[in-house]
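Protein chains: 2
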Amino acid sequence: MYGLHGRIDATEGHGEELAGHLVAGTQELGDHGCLLYVVSRREDAPDAVYVYEVWTDADAHQASLELSSVQDAIAGARPLIAGMSERVEFTPVAGLGLPAAGSPPP
Amino acid sequence: MYGLHGRIDATEGHGEELAGHLVAGTQELGDHGCLLYVVSRREDAPDAVYVYEVWTDADAHQASLELSSVQDAIAGARPLIAGMSERVEFTPVAGLGLPAAGSPPP
């Protein structure tokens, strides 16, 4: 499996709108090797949006960037992005709620 | 919902062992308000272990620290911990694979 986590800062006052764009593109991803895609925010940093992703492998993640739903989400989000940081890539080992690599998420 | 993500560095050569301790305590957490608990590692930093957690709320997370399974996992892990960093707390909004706050993880 392949995972990544990072922070995306929206332009001032657009944290909620940015999070909405990022969530919008996710439902179809389960059919393309995405096991987890969680969009989060912070009360103490309302323009910060965190995205945590787990994929069957890095290739599935890379291929997803070509999906029209993802490109639409990125197009909608891009004007609202002020910066990206805290990006880390990793290999999920095990845990609770982590679908087995072969099964689609609930 | 309440979430947190952080990096735990093991003492040299103990990354796998540390990850094992952290995974061991997780299965029971689903009964105590844990929605996601993912333990990950990095090929380029073999002693780094990342933990991503989502809970129904912060109180459920706090209460879990009193569970004997969690205390056993912490006791096993503590001698192997060299440092903790990159800790961030957040509020999960939505996404793929994120169980609704009321339903236990798969």
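In order, the protein sequences belong to chains A and B.
Under the working numbering, residues -1 to 104 are what the first sequence spells out, in order.
Under the working numbering, residues -1 to 104 are what the second sequence spells out, in order.
Virtual Cβ for every residue (Gly too), placed ideally from N, Cα, C.
As the structure is a prediction and not an experimental result, all values here were calculated from the model.
- For residue 86/B, the closest alpha carbon among the candidates 50/A, 60/A, 76/A is that of 50/A.
- In this structure residue 39/A is buried. Its beta-carbon is surrounded by 16 or more other beta-carbon atoms within 10 angstroms.
- Under the Cβ criterion of 8 Å, residue 89/A is counted among the residues facing chain B.
- Straight-line spacing of the CA atoms in residue 26/A and residue 68/A works out to 9 Å.
- Its Cα nearest to that of residue 9/B, the residue 44/B stands out among -1/B, 3/B, 44/B.
- Residue environment for residue 62/B: buried (at least 16 other C-beta atoms within 10 angstroms of its C-beta).
- Taken in chain order, the members of the segment 16 to 29 of chain A whose beta-carbon sits within less than 8 Å of a beta-carbon on chain B are 17, 21, 24, 25, 27, 28.
- Between residue 3/A and chain B, the shortest Cβ-Cβ separation is below 8 Å.
- Closer than 9 Å at the C-beta level to chain B, one finds these residues of the segment 60 to 84 of chain A: 84.
- Between the segment 28 to 37 of chain A and the segment 3 to 20 of chain B there are fewer than three inter-stretch CB-CB distances shorter than 8 Å, so the stretches are not counted as touching.
- By alpha-carbon distance to residue 74/B, the top candidate from 11/B, 3/B, 15/B is 15/B.
- 90/B is the residue among 21/B, 13/B, 90/B whose C-alpha sits nearest the C-alpha of residue 56/B.
- In the three-state DSSP reduction, residue 65/B falls in the coil class, being neither helix nor strand.
- Chain order gives no chain A residues near residue 44/B, where near means a beta carbon separation below 9 Å; the closest approach is about 11 Å.
- Within chain A, the C-beta atoms nearer than 7 Å to that of residue 93/B come from 21, 24, 35, 36, 37, in chain order.
- Counting other Cβ atoms within 10 Å of its Cβ, residue 97/A reaches 16 or more and is therefore classed as buried.
- Only residues of its own chain outside the window of five on either side were considered, and among them -1, 1, 33, 34, 90, 96 have a CB closer than 7 Å to the CB of residue 52/B, listed in chain order.
- Annotation note: the segment 8 to 87 of chain A contains the following uninterrupted alpha helix (DSSP H) runs of length 4 or greater, listed N- to C-terminal: 13 to 22, 56 to 62, 66 to 75.
- When only Cα atoms are considered, residue 13/A and residue 46/A end up about 6 Å apart.
- As a beta-bridge residue in DSSP terms, residue 90/B pairs with 38/A.
- With distances taken between CA atoms, residue 83/B lies nearest to 48/B out of 18/B, 48/B, 41/B, 65/B.
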